[in-house]
Amino acid sequence: MVRMFSELVAEAEAAPVEGWGFEWLRGRATEERPPWGYARRVADRMAGVTAALDIDTGGGEVLAEVPAPPPLLVATEAWPPNVPVARRNLRPLGATVVRVADRPPLPFRNAAFDLVVSRHPVHTWWDEVARVLRPGGTYLSQQIGPGTVRELSEAILGPLPPPEHRHPEAAVADARAAGLTVVDLREATLRTVFHDIGAVVWFLRKVVWTVPGFTAGRYTDELRRLDERIRAEGPFVAHARRFLIEARRG
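Numbered per this note's numbering, the sequence shown finishes at 251, counting up by one with no gaps.
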């Protein structure tokens, strides 16, 4: 049965977006996974340390997959609706979830952790990462690359200038400036497919930097045009960009 534009949009607007899971999109949108297996790498690193920190944990979804957590495991989150979700998800691991501001400093002493990880951080405060790492400690992060799902942003906002932020080269330079040694850097471009306008609306509500200030009401005309395009031409395809960076404190 073909569902109406208004029905799809209303459903997406009513769906919760707390946490950092994307289960609601199952069957409605897909995104290729990066080839390096971030969650597996995190689990491997966690098994060999005594104290670890996950920055911007979201709802704790990635950290919750760690089968052998270290004796001290801490996660931070700045968006208030995510905090109770993360505490619920990470309670079985014995992790402490700390609500923090979206700016430094981190509320931890110097050299507190052997390992710091972060998946899709809003910002990477490299000086703070270096400060809380012990000598020989590692920072492992999967980050959003420049111009990610740009095709979707431009479908709503129109043509955009070249992206100025989130370049891997800038991350490497900032890590080195903080006194860290970059030991690995990998990049990937991942096909992202939206099968209906409801998936688009829900994604834009959750991944807020794609179209800053997005509401379905504000962009009704643009959403209708995109809905018509999907119905006429098939799923809307964009491309997410990711990079993995690993750095160590000497």
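The beta carbon of each residue, even a glycine, is placed where N, CA and C say it ideally should be.
Per-residue burial, residue i [other beta carbons within 10 Å of its own, 16 or more giving buried]
i           : result
residue 63  : buried
residue 125 : buried
residue 47  : buried
residue 209 : exposed
residue 222 : exposed
residue 13  : buried
For residue i, the three-state DSSP class (helix, strand or coil)
i           : result
residue 187 : strand
residue 6   : helix
residue 215 : coil
residue 204 : helix
residue 25  : helix
residue 44  : helix
residue 220 : coil
Which residues DSSP lists as bridging residue i, in chain order
i           : result
residue 250 : 181
residue 32  : 193
residue 242 : 190
residue 52  : 73
residue 237 : 195
Given residue i as reference, the closest of the options once Cα atoms are compared
i           : options           : result
residue 10  : 112, 73, 235, 228 : 228
residue 146 : 211, 53, 68       : 211
residue 79  : 71, 60, 90        : 60
residue 121 : 141, 131, 49, 249 : 141
residue 143 : 232, 172, 110     : 172
residue 20  : 108, 90, 39, 5    : 90
residue 95  : 102, 199, 87      : 87
residue 134 : 32, 41, 181       : 181
residue 106 : 118, 84, 130      : 130
residue 163 : 149, 74, 176, 139 : 149
Within-8 Å CB hit, residue i to chain B
i           : result
residue 247 : The question asks about chain B, but that chain is absent: this structure has only one protein chain.
*Every unbroken beta strand (DSSP E) within the region 119-188, with a cutoff of 3 residues, ordered by chain*: 134-145
_Complete beta strand (DSSP E) runs within the region 55-116 (minimum length 3 residues, chain order)_ = Runs found: 73-78, 97-100.
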